[in-house]
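Trainee: Residue numbers (my numbering), protein chains in the order written: chain A, 3 to 206; chain G, 3 to 206. Virtual Cβ for every residue (Gly too), placed ideally from N, Cα, C.
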DNA sequence: CTATCTATACCAACCGGTCAGTATAGGTTA
DNA sequence: TAACCTATACTGACCGGTTGGTATAGATAG
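(1) Within 10 angstroms of its Cβ, does residue 192/G collect 16 or more other Cβ (buried), or is it exposed?
(2) Could you round the C-beta distance between residue 119/A and residue 116/G to whole angstroms and report it? I think they count as a contact, below 8 Å.
(3) By alpha-carbon positions, which one of 66/A, 138/A, 156/A and 146/A ends up nearest to residue 113/A?
(4) Is residue 63/G close to chain A, meaning its C-beta is less than 8 Å from at least one C-beta of that chain?
(5) Looking only at C-alpha atoms, which of 74/G, 20/G and 185/G sits nearest to residue 143/G?
(6) Counting contacts by CB-CB distance shorter than 8 Å, is residue 132/A in contact with chain G?
(7) Quick check on residue 50/A - is its C-beta less than 8 Å from some C-beta in chain G?
(8) Just the C-alpha distance for residue 183/A and residue 34/G, rounded to the nearest angstrom, thanks.
(9) So which residues of chain A does residue 199/G contact, with C-beta pairs closer than 9 Å?
(10) Whole angstroms are fine: how far does the CA of residue 84/G sit from the CA of residue 200/G?
(11) Tell me, please, whether the CB atom of residue 94/A is closer than 8 Å to any CB atom in chain G?
(12) Does residue 114/A come out as helix, strand or coil in the three-state DSSP assignment?
(13) If I measure Cβ to Cβ from residue 153/A and keep anything under 7 Å in the same chain, skipping five residues before and after, which residues do I get?
(14) Could you check what DSSP says for residue 43/A in three-state terms: helix, strand or coil?
(15) Between residue 29/G and chain A, is any beta-carbon pair separated by less than 8 Å?
(16) Give the residues of chain G in contact with residue 25/A, contact being defined as C-beta atoms less than 8 Å apart.
(17) Measure from the C-beta of residue 89/G to each C-beta in chain A and report whether the shortest distance is under 8 Å.
(18) What residues from chain G crowd round residue 136/A, counting only those whose CB sits closer than 8 Å?
(19) Does any residue of chain A bring its CB to less than 8 Å from the CB of residue 72/G?
(20) Should residue 166/G and residue 140/G be called a contact, given that it needs their Cβ atoms to be closer than 8 Å?
(21) Please list, in chain order, the chain G residues whose beta carbon lies closer than 8 Å to that of residue 167/A.
(22) With a threshold of 7 Å on Cβ separation, who are the neighbours of residue 188/A within its own chain once the five nearest residues in sequence on each side are excluded?
(23) Could you spell out the range, first to last residue, of the alpha helix (DSSP H) harbouring residue 135/A?
(24) Is there a Cβ from chain G that is less than 8 Å from the Cβ of residue 77/A?
(25) Give the secondary structure of residue 187/G by DSSP, where H, G and I count as helix, E and B as strand, and everything else as coil.
(26) Looking only at C-alpha atoms, which of 101/G, 160/G and 124/G sits nearest to residue 72/G?
(27) Find the residues of chain G that neighbour residue 104/A, judging by a C-beta separation of less than 9 Å, and give them in chain order.
(28) Rounded to whole angstroms, what's the CA-CA distance from residue 202/A to residue 77/G? Just pull it up for me.
(29) Do you know how far the Cα of residue 14/A is from the Cα of residue 8/A?
(30) I want to verify the contact list: residues of chain G whose CB lies under 7 Å from the CB of residue 176/A, in sequence order.
(31) Quick check on the DSSP output: the alpha helix (DSSP H) that includes residue 55/G runs from which residue to which?
(32) With a cut-off of 8 Å, does the C-beta of residue 19/G fall near any C-beta of chain A?
(33) Under DSSP, the alpha helix (DSSP H) around residue 19/G begins and ends at which residues?
(34) Determine the DSSP secondary structure at residue 51/G, reduced to helix, strand or coil.
(35) What residues of chain A sit near residue 85/G, judged by a beta carbon separation below 9 Å?
(36) Short check: CB of residue 186/G to CB of residue 105/G, under 8 Å?
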């Protein structure tokens with residue numbers, strides 16, 4: 003018989019938890035609600051995770067890994083599409099526009115922002131992960147911007163670190179506006195503005 | 003004895019609740035923690051609010067009122083400082099930069115974003131308030147931008163509604179990055195970028 | 001007298017977490 | 001080939017504590 007040894011219950015817990023946390027928040031997402039959603043019992047949950055906070059740690063780690071992997075992937079694709087640093091960065095942002103345009107999720111959101119607004123409930127390891135990811139984006143995009151600035155001097159003096167941060171800022175802010183107004187289109191629009199800001203700044 | 007005739011207990015509940023919610027989230031902020039923080043009893047809390055959710059409703063309403071009142075105040079001041087629509091808008095953003103520069107709060111945050119990421123716990127009235135405030139900002143800034151665009155034609159075709167949204171986006175996004183990285187300076191930097199984008203776009 | 005509380009006690013529902021036990025598959029040994 | 005052992009992946013009942021909320025009696029102050 004088809005042995006269901008490959009149950010991947012752990013992953014299903016993580017998936018369900020993420021979805022529930024994104025709409026209700028972490029504290030309001032009880033272990034009971036998660037296990038009901040997955041269709042398992044409490045014992046199974048605590049077999050995979052020592053505590054609920056242990057799950058939070060795994061969840062944010064998993065989310066961060068996916069996020070940074072996609073950053074890598076899109077960066078590689080963007081550089082393949084254009085060898086000019088500014089153009090490839092604009093293409094990179096375009097790839098994210100494509101991605102969010104195809105978003106079907108009824109209740110989109112970012113786990114980083116969700117956790118950040120309930121930070122009092124998490125240990126330093128979880129909080130450090132949030133910081134790490136934001137810094138990783140900052141450094142990656144700032145390096146890119148420095149290359150772009152070398153090739154296309156900006157028309158105004160500009161701090162490239164905060165300009166790099168602005169991409170994260172636009173992402174996180176767009177999530178809030180998109181959710182509150184229930185209009186997912188906000189996302190692509192805001193990325194488009196960021197892109198246009200770069201074009202004007204570097205005279206593309 | 004010095005009885006607390008100077009009661010305004012209701013406001014103190016709201017203040018304490020806001021502070022606690024901003025660090026722990028709504029669900030994790032129990033009524034017990036609030037009353038301990040204020041220094042009152044449970045009876046007093048439920049004398050002022052029928053339910054915890056009733057308090058949430060009052061809190062977001064109060065927050066929205068303050069937010070929109072400040073929007074009005076800063077807009078008036080900005081128009082007083084410059085009669086040119088574009089310049090006054092830039093001054094308006096500058097006033098917000100001033101405000102956030104003087105922020106002493108150890109854990110800054112926006113109640114709208116906090117509630118938005120726990121939306122599953124609130125009724126439609128609360129959620130509608132979030133939407134209302136965002137739409138109010140959009141319309142107010144978009145009108146301003148239309149005046150600015152009439153006087154200073156944008157160097158590129160641009161959607162003014164989403165450009166107006168971008169101010170809210172930058173605010174909300176900056177909160178997330180500032181909190182996660184524990185660097186309140188993010189705020190003024192990001193507003194500066196938004197300002198510079200407008201300058202480039204309208205050729206100021 | 002009314003508004004605004006304090007103090008104490010209580011409730012049912014739910015919370016995160018524990019525990020003993022079960023089912024099953026795959027070695028290892030005699 | 002049967003007996004035994006181990007590891008993995010659970011089930012389902014249960015625990016003490018916390019939750020939002022109620023009830024009631026009384027104090028204080030204008």
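Mentor: The structure says:
(1) Your numbering for residue 192/G matches position 190 in the second chain. It is buried - the Cβ of residue 192/G has at least 16 other Cβ atoms within 10 Å.
(2) As a position in the first chain, residue 119/A is number 117, starting the count at 1. As a position in the second chain, residue 116/G is number 114, starting the count at 1. Taking 8 Å as the upper bound for CB-CB distance, residue 119/A and residue 116/G are in contact here, some 5 Å apart.
(3) Within the first chain, the letter at position 111 stands for residue 113/A. Answer by Cα proximity: 66/A.
(4) If you number the second chain from 1, residue 63/G lands on position 61. By this cut-off, residue 63/G is not an interface position.
(5) Position 141 of the second chain, counting from 1, holds the residue named residue 143/G. Closest option to residue 143/G, Cα to Cα, is 74/G.
(6) In the first chain, the residue the question calls residue 132/A occupies position 130. Chain G contact via Cβ: present.
(7) Working through the first chain from its first residue, we reach residue 50/A at position 48. Chain G contact via Cβ: absent.
(8) Walking along the first chain from the start, residue 183/A turns up at place 181. Walking along the second chain from the start, residue 34/G turns up at place 32. Taking the straight line from one Cα to the other gives about 33 Å.
(9) Reading the second chain from its first residue, position 197 is the one you call residue 199/G. Those are 195, 196, 198, 199, 202 and 203, listed as they occur along chain A.
(10) To locate residue 200/G, count along the second chain from 1; it is residue 198. To locate residue 84/G, count along the second chain from 1; it is residue 82. Using only the alpha carbons, I get a separation of about 16 Å.
(11) Position 92 of the first chain, counting from 1, holds the residue named residue 94/A. Using beta-carbon distances, residue 94/A does not count as an interface residue toward chain G, since no partner is under 8 Å.
(12) Counting from one through the first chain, the residue named residue 114/A turns up at place 112. DSSP places residue 114/A in helix when its eight states are reduced to three.
(13) Position 151 of the first chain holds residue 153/A. Excluding residues within five positions, the ones whose Cβ falls inside 7 Å are 86, 87 and 88.
(14) Walking along the first chain from the start, residue 43/A turns up at place 41. Residue state, collapsed to three classes: coil.
(15) The residue you call residue 29/G lines up with position 27 of the second chain. It does; some Cβ of chain A falls within 8 Å.
(16) Reading the first chain from its first residue, position 23 is the one you call residue 25/A. Neighbours of residue 25/A on chain G, chain order: 121 and 122.
(17) Looking up residue 89/G in the second chain gives position 87. It does not: the Cβ of residue 89/G has no partner Cβ on chain A nearer than 8 Å.
(18) The residue labelled residue 136/A in the question sits at position 134 within the first chain. Chain G residues near residue 136/A: 179, 182 and 183.
(19) The residue you call residue 72/G lines up with position 70 of the second chain. At least 8 Å separates the CB of residue 72/G from every CB of chain A.
(20) Walking along the second chain from the start, residue 166/G turns up at place 164. Walking along the second chain from the start, residue 140/G turns up at place 138. Yes.
(21) Here residue 167/A corresponds to residue number 165 of the first chain, with the count starting at 1. Residues of chain G passing the Cβ test: 179, 188, 191 and 192.
(22) Taking the first residue of the first chain as 1, we reach residue 188/A at position 186. Closer than 7 Å at Cβ, skipping near neighbours: 176, 179 and 180.
(23) Stepping through the first chain from its first residue, residue 135/A is reached at position 133. Start and end: 126 to 153.
(24) Reading the first chain from its first residue, position 75 is the one you call residue 77/A. Not an interface residue.
(25) The sequence position of residue 187/G within the second chain is 185, counting from 1. Here residue 187/G sits in coil by DSSP.
(26) Along the second chain, read from residue 1 onward, the residue named residue 72/G stands at position 70. Comparing Cα-Cα distances from residue 72/G to each of 101/G, 160/G and 124/G, the minimum goes to 101/G.
(27) The sequence position of residue 104/A within the first chain is 102, counting from 1. Per Cβ cutoff of 9 Å: no residues; residue 104/A is ~19 Å from chain G at best.
(28) The residue labelled residue 202/A in the question sits at position 200 within the first chain. The residue labelled residue 77/G in the question sits at position 75 within the second chain. Spanning the two alpha carbons is a distance of roughly 27 Å.
(29) Here residue 8/A is taken as the residue at index 6 of the first chain, counted from 1. Here residue 14/A is taken as the residue at index 12 of the first chain, counted from 1. The pLDDT assigned to residue 8/A is 42, lower than 50, so where the model puts this residue is not dependable; a value taken from the coordinates is nonetheless given after this. Residue 8/A and residue 14/A: Cα-Cα distance of roughly 12 Å.
(30) The residue labelled residue 176/A in the question sits at position 174 within the first chain. Within chain G, the C-beta atoms nearer than 7 Å to that of residue 176/A come from 171, in chain order.
(31) Counting from one through the second chain, the residue named residue 55/G turns up at place 53. Residues 54 to 83.
(32) By one-based count along the second chain, residue 19/G stands at place 17. So, not an interface residue.
(33) Position 17 of the second chain, counted from the start, is the residue given in the question as residue 19/G. Note, residue 19/G: alpha helix (DSSP H), 11 to 26.
(34) In the second chain, counting from the first residue as 1, residue 51/G sits at position 49. Note: residue 51/G maps to coil in three-state DSSP.
(35) Position 83 of the second chain, counting from 1, holds the residue named residue 85/G. Proximity of chain A to residue 85/G at the Cβ level (cut-off 9 Å) is not reached, the minimal Cβ distance being about 25 Å.
(36) Your numbering for residue 186/G matches position 184 in the second chain. Your numbering for residue 105/G matches position 103 in the second chain. Yes.
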